[in-house]
Amino acid sequence: MTVMPRPVPPDALAAIRAIVGPKGWIDDPGDMAPFLRDERGLFVGKAPAVVRPAATAEVAEIVRICAANGIAIVPQGGNTGLCGGSVPFATGEAIVLALGRMNRVRAVDPINYTITVEAGVILAAVQAEADRHDRLFPLSLGAEGSCQIGGNLSTNAGGIQVLRYGNARDLVLGLEVVLPDGQVWDGLRGLRKDNTGYDLKQLFVGGEGTLGIVTAAVLKLFPKPREIRTAFVALPGHRQALELFAMARAASGDQLTAFELIPRIGLDISMRHVPGVTDPLAAPYPHYVLLEMSSSVPDGDIAATMDKLLDAAMAQGLVLDGTIAASAQQAAQLWRIREGIVEAQKHEGGSIKHDIAVPVSRVADFLDEATRRVEERLPGIRVVAFGHIGDGNIHFNLSQPPGADTKAYLARWEEFNEIVHRVVQGMNGSISAEHGVGRLKRDLLPQFKSAVEIELMRKVKRALDPLGIMNPGKVL
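Numbers in our numbering are just positions in the sequence shown, counted from 1, shifted up by 13.
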């Protein structure tokens, strides 16, 4: 559902500007530029203005004016998304509504293990506030220093601790949402049990701003880990990684916090381009796993559990070598390897990226089949497959062959999407595990969702946003 381009009435813009004042209004082209370009530079749009409200009441007034004048709205958090969901189209008929000024922590309830924050609060700030109250907010991802919680919820962000704590969808108890007609739904309830009808908040989590604007949220907190054990181990192949994962879960239960697959090429390019990344082992190996266990009690005996697991895995030939961090600093160095893969790929030429998920039991099958197919199509292509193997989410990225023409290579994006996504479809997987749909994957949805699913989504969209002004042209 897309709003037809139409000029934005000057009097409506003037009314909106009066609501937010000079601090909340940007119309200088240079100042607007960062809000109109996505993280990867794949999408660049236009807008008559970037509007930065400071309160929910201001958002509601702005939306009412837009609804009355048919003005499209593109809600935006930290603009760190990877699918073009938070930037406007080049037609220029939509305002960008950036929520960064709405950055208050409204309440912390340590007894109820909840924190109530506005949509513009930076994810790292939510983590820090929880820590000040001796609690943990577990959502953690590479962009946590700049992404905002409203965007995290709107895209149902995942990250490195999904295995234990779940996606953003699993971490929210209540929402405050400005609806497409300007009404405010106050659903800020810190209840874990509320069986009084539809779970409305889940319409907006993962909705990418197409159904309403999340302005605040009640989030779950957890006991702060008192003991953490991080290990970096070498394996002969990714199938052994799945066997090790099964052993780790059986040995530790819900104490297994993270289980990340890292290929040798990922370590190599990280060492080549990311300062401070070194090989923690004496010899090279084809695959690695970064695994972490944690306990909320000081004497949880995580160290003994980890040692026993790795001893057994080495005896079975699943683990060839490894190291266990002896300090928080060493653990951070090991995590730097995993985080560095994303940064390092930027220096290796063109990278065609896939954020897929398959059942955990099919991860090795996917890696084998997808790798075989892309290498057959383009000899010399470099598969950089890494990520959250413990929840079936693999970032299956394809770096260009050395010396290839980058522009020509990236022109084949859709060709390689088709190859990889067909393998995913054959395994009942998802083509978007944690990055959302936005514009990048919108036109692919009908190929991977049934007609019934698509029509249900359209019915929800029409019911809540009959004018089609909320982030038009995204998701659907």
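Ideal placement from N, C-alpha and C gives every residue a C-beta, glycine not left out. Quick caveat, the model's predicted, so the values are computed rather than measured.
### Task
Could you tell me whether the Cβ atoms of V387 and L411 are closer together than 7 Å?
yes
### Message
My output table needs one value for S159: the three-state DSSP class, helix, strand or coil.
### Response
coil
### Proximity below 7 Å, CB of T209 to CB of A132
One thing to note: T209 has its Cβ no nearer than 7 Å to the Cβ of A132.
### Message
Cutting at 7 Å between CB atoms, please list the residues of its own chain near L26, excluding the five before and the five after it.
### Response
Correct list, in chain order: P61, A62.
### Query
Is the beta carbon of I350 sitting closer than 7 Å to the one on S283?
yes
### Query
With burial defined as no fewer than 16 other Cβ atoms inside 10 Å of the residue's Cβ, what is the status of V290: buried or exposed?
buried
### Task
Give me the Cα-Cα distance between I528 and V72, rounded to the nearest whole angstrom.
Outside the modelled stretch of the chain, which goes from 14 to 489, sits residue 528, for which no answer is possible.
### Task
Could you give the DSSP three-state label for R395: helix, strand or coil?
strand
### Query
Could you check where the beta strand (DSSP E) with S265 kicks off and where it finishes?
Where S265 is concerned, there is no enclosing beta strand (DSSP E), although the alpha helix (DSSP H) it sits in stretches over 251-265.
### C-alpha gap between I135 and D194, whole angstroms
27 Å
### Query
Where does P459 land, buried or exposed, given buried means 16+ other C-beta within 10 angstroms?
exposed
### Query
So, are the CB atoms of A383 and V433 less than 7 Å apart?
yes
### CA-to-CA distance, L469 to F56, given in whole angstroms
28 Å
### Message
Helix, strand or coil for I75? Go by DSSP, reduced to three states.
### Response
helix
### Message
Could you check whether A244 and L201 sit closer than 7 Å to each other, using their CB atoms as the reference points?
### Response
no
#### Entry: Runs of beta strand (DSSP E) lying entirely within the region 361-387, each at least 3 residues, in chain order
368-370
#### Entry: Distance CB(L149)-CB(A143) smaller than 7 Å
yes
### Query
Is F102 helix, strand or coil by DSSP?
coil
### Message
Starting from N406, trace the alpha helix (DSSP H) in both directions and tell me its first and last residue.
### Response
In the DSSP assignment, N406 falls outside any alpha helix (DSSP H) and within the unbroken beta strand (DSSP E) covering 406-412.
### Message
For L274, list the residues DSSP reports as bridge partners.
### Response
V302, G400
### Query
Sorted by chain position, which residues of the same chain lie with C-beta nearer than 6 Å to K36's C-beta, five sequence neighbours on each side aside?
Around K36: no qualifying Cβ.
### Message
Buried or exposed for D167, going by 16 or more other Cβ atoms inside 10 Å?
### Response
Note on identity: in this sequence residue 167 is Ser, with Asp being the wrong assignment. Buried.
### Query
Of the residues Q215, V191, K214, Q253, which one's Cα is nearest the Cα of I226?
Minimum Cα-Cα distance from I226 among the listed residues Q215, V191, K214, Q253 corresponds to V191.
### Query
How about P101 and G58: are their beta carbons less than 7 Å apart?
Yes. Within cutoff.
### Task
State yes or no: is the C-beta of V218 within less than 7 Å of the C-beta of R182?
yes
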